[in-house]
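There are 2 protein chains.
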Amino acid sequence: MINPHFSTKERILSAAEDLFAKSGFAGASLRQVTSAANVNLAAVNYHFGSKENLINELFKRRLDDLTGARMAALDKVKSTRQPTLESVLEAFVQPALSLASDRGGGSSFVRLLAHAFAEHDQRLRRFVSDNYGHVLKEFAKVIAHLLPHLSKDALYWRLDFVSGALTYAMSDFGMIKKPVGITDEQHRRTAAEHFVRFAAAGLRAP
Amino acid sequence: MINPHFSTKERILSAAEDLFAKSGFAGASLRQVTSAANVNLAAVNYHFGSKENLINELFKRRLDDLTGARMAALDKVKSTRQPTLESVLEAFVQPALSLASDRGGGSSFVRLLAHAFAEHDQRLRRFVSDNYGHVLKEFAKVIAHLLPHLSKDALYWRLDFVSGALTYAMSDFGMIKKPVGITDEQHRRTAAEHFVRFAAAGLRAP
DNA sequence: GAACGCTTCAAACAGGCGTTCGAATACTAG
DNA sequence: CTAGTATTCGAACGCCTGTTTGAAGCGTTC
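Keeping their order, the protein sequence lines are chains A and B.
Read in the numbering used here, the first sequence has 562 at position 116, and its numbers run on one by one without any break.
Read in the numbering used here, the second sequence has 500 at position 54, and its numbers run on one by one without any break.
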């Protein structure tokens, strides 16, 4: 399961991502993690200091990638002559979906995000929103510009629905809904198409 | 916090709902629960047998109410001359929202649902979908009838987005979004209006 | 090859976990 | 009032938790 060619740190991160996604942060123990990573128990505290910090590093790694890809995609869309709502939504969802179906890991990360949302724990929530918030705001600004008739209130409600729909749908992504016989790439494109169409219409609602 | 007039069983259920919603099922211990409920530690195993069964009872109690209220509301809508998509969605969301803002408890339950969905754990997931699935199917049938042009595939994708939007929007419900100075009732109605409008437009997407 | 920093290791630490048990208490029926 | 059942209680069970520790193993540099 865990590639032995990777460094101890990376193997811990991968195993932790999988196990925390499966059982939650409190539900998976460091002994399970280190055992799955083929690594000594003490390695976690040596390399990460504590379990909580390991969780933070986990999020930092993926969120940096995700937000980076999203901002790049958004910039690309903004630089086109006439950005459409659909293209902006695509810039939002495609990086998330490609992360979700990334074979080199990351397929568990979306579920981790779902856990983070479910957690009432303030520390983790703030950490996520600190690394996440500015991207959402940037998208909100562009979308607000594309939907000038929409009140600020309505916009925020709808953006919340959009991220909820995405997170929730992606938690099951590849687990339940993918029909046999089609590739990850096809499945991802189908999901993105359905999502963009749904979200755009919802945002444009009268 | 916990009403001392209630029975031991009910106090355990209430405290457990709050704490599990805050910290997850593995994150909150029976000692925390019994302490918050002002009840002896052994009472949980006496009344519920085990921690896992306590969790199941927790879900059963609320889901029975929720699905009951939803089916009743749906039946009422179906009996009208011309059911609209909006009225069906209202029948779906209103019981959930009134549960979420129910002061006598239940305000934590939605977050519990989010936890359950984040959990990879098959037992809990199946338990929820067993008590939940037939209601979703019933709504799907009615909605499919109202949107005859929509393919089965597209319908299922969109319904998934709808439940995701609802679940995650409601997880924060009353915590973040409620402005000061307006009542729960007003807030609930606002949320329902925004949601129904968004979801209806999304479902109707071309 | 000795000395060095970096990493790994087995073992132990104190503390929390879910669960169990037998005695003590509360309540109800005869 | 008494007998019997239902509930509560404190204490303990064995197990698992995150973290720490000091020794052992490593590759590099002088």
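Beta carbons are placed, not taken as given, at the ideal position from N, Cα and C, and that holds for glycine.
Indicate whether E463/B and A646/B have their beta-carbon atoms separated by less than 8 Å.
-> no
Could you name the residues of the stretch 607–619 of chain A whose beta carbon sits closer than 8 Å to any beta carbon of chain B, in the order they occur along the chain?
-> F607, V608, S609, G610, A611, L612, T613, Y614, A615, S617, D618
Alpha carbon to alpha carbon, how far is T480/B from L592/B?
-> 48 Å
Within chain B, partners of F644/A - CB distance below 8 Å = W603, R604, F607, G648, L649, A651
Which residues in the same chain as H493/B place their Cβ atom closer than 6 Å to its Cβ, once the five residues preceding and following it in sequence are excluded?
-> K455
With a threshold of 16 other CB atoms inside 10 Å of the CB of M621/A, please say whether the residue is buried or exposed.
-> Here M621/A scores only 47 on pLDDT, less than 50, and its place in the model should not be relied on; the value that follows carries that caveat. M621/A is exposed by the Cβ-count criterion.
For V523/A versus A537/A, is the C-beta spacing smaller than 8 Å?
-> yes
Taking C-beta to C-beta, are V534/B and V588/B nearer than 8 Å?
-> yes
Once you ignore the five residues that flank R604/A on each side, which residues in its own chain have a CB closer than 7 Å to its CB?
-> G648, L649
Please report the Cβ distance between Y614/A and T513/B, rounded to the nearest whole angstrom; I am assuming they are in contact, meaning their Cβ atoms lie under 8 Å.
-> Incorrect: roughly 19 Å between the Cβ atoms, too far for contact.
Backbone secondary structure at E456/B - three-state DSSP | helix
What are the boundary residues of the alpha helix (DSSP H) that includes S525/B?
-> Segment: none, S525/B is in no alpha helix (DSSP H) and carries neither H nor E.
Burial state of G470/B, where buried means 16 or more other Cβ atoms lie within 10 Å = buried
Contacts around V642/A, its chain only, beta-carbon distance under 7 Å, and the 5 residues preceding and following it disregarded | E532, L535, E536, V539
For F641/A, return the contacting residues in chain B, with the cut-off set at a CB-CB distance below 8 Å.
-> W603, F607
Reduced DSSP category for L605/A - H, G, I as helix; E, B as strand; rest coil | helix
In chain B, which residues lie less than 7 Å from A600/A when you measure between Cβ atoms?
-> H640
Which value, in whole angstroms, describes the spacing of the CA atoms of K583/B and A488/A?
-> 49 Å
From what residue to what residue does the alpha helix (DSSP H) around A488/B run?
-> 488–494
Secondary structure of E536/A, DSSP reduced to three states | helix
For A467/B and L570/B, the rounded distance between their alpha carbons | 15 Å
Run through DSSP, which three-state label would A615/B get?
-> helix
Could you check where the alpha helix (DSSP H) with R643/A kicks off and where it finishes?
-> 630–649
Determine whether the Cβ of M447/B lies closer than 8 Å to any Cβ atom of chain A.
-> Reliability of the predicted coordinates at M447/B is poor, the pLDDT of 49 falling under 50, and the value obtained from them is presented with this limitation in mind. No, M447/B lies away from the interface with chain A (no Cβ there is under 8 Å from its Cβ).
V574/A and A562/A: beta carbons closer than 8 Å?
-> yes
Distance, S554/B Cα to S617/B Cα | 8 Å
State yes or no: is the beta carbon of H493/B nearer than 8 Å to at least one beta carbon in chain A?
-> no
Is there at least one Cβ from chain B nearer than 8 Å to R557/A's Cβ?
-> yes
Determine the contact status of R457/B and A483/B, defining contact as a CB-CB distance below 8 Å.
-> yes
Using a C-beta cutoff of 8 Å, does H580/A count as contacting chain B?
-> no
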